[in-house]
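Report on the structure given below.
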Amino acid sequence: MSSCVEPDCNDVKKAFYPDEYNLIVGEASIDNSWIKIIGYHPITYKKSNIMVHNNWIDDYNEVEAGDTIIKRAGNLELVIHKKDTIIRHDWYCKGKPYK
909 MSSCVEPDCN
919 DVKKAFYPDE
929 YNLIVGEASI
939 DNSWIKIIGY
949 HPITYKKSNI
959 MVHNNWIDDY
969 NEVEAGDTII
979 KRAGNLELVI
989 HKKDTIIRHD
999 WYCKGKPYK
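Under the numbering used here, the first residue of the sequence shown is numbered 909, with each subsequent residue one higher.
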């Protein structure tokens, strides 16, 4: 006998706290499940990528080449720096924002 229990959001968010990104976007693919970004670090210019479950972004066309994606370790907020705007996204679970 097995049980299919939905995970508790407070437990799930703990997996996202250690993640840290600082990446200038070269290419982005975002859907309701995944954020996939290929780019480079703005200081070292080292190529890097992100592939993480999407718990932040609803507008899948919001991230463009040249934007900077930042997420600090210990924080759930995802920040998109555009040329003239900074967009901040809370981390969502079951339709509710978590910090």
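C-beta: ideal position from N, C-alpha, C; glycine also.
- Task: Alpha carbon to alpha carbon, how far is P926 from M909? Give it in angstroms, no decimals.
- Result: The predicted model places M909 with a pLDDT of 49, which falls under 50 and marks its position as unreliable; any figure quoted below should be read in that light. If I take the Cα positions, the gap works out to 34 Å.
- Within this structure, are the beta carbons of A856 and E914 separated by less than 7 Å? Within the shown structure, residues of the chain are numbered from 909 to 1007, placing residue 856 beyond reach of any answer.
- Task: Would you kindly report the start and end of the unbroken alpha helix (DSSP H) that includes V971?
- Result: Premise fails: V971 is in no alpha helix (DSSP H) and is neither H nor E.
- Which term fits G974, buried or exposed, when burial requires 16 or more other beta carbons within 10 angstroms of its beta carbon? exposed
- Query: How is N962 classed by DSSP in three states: helix, strand or coil?
  - Reply: coil
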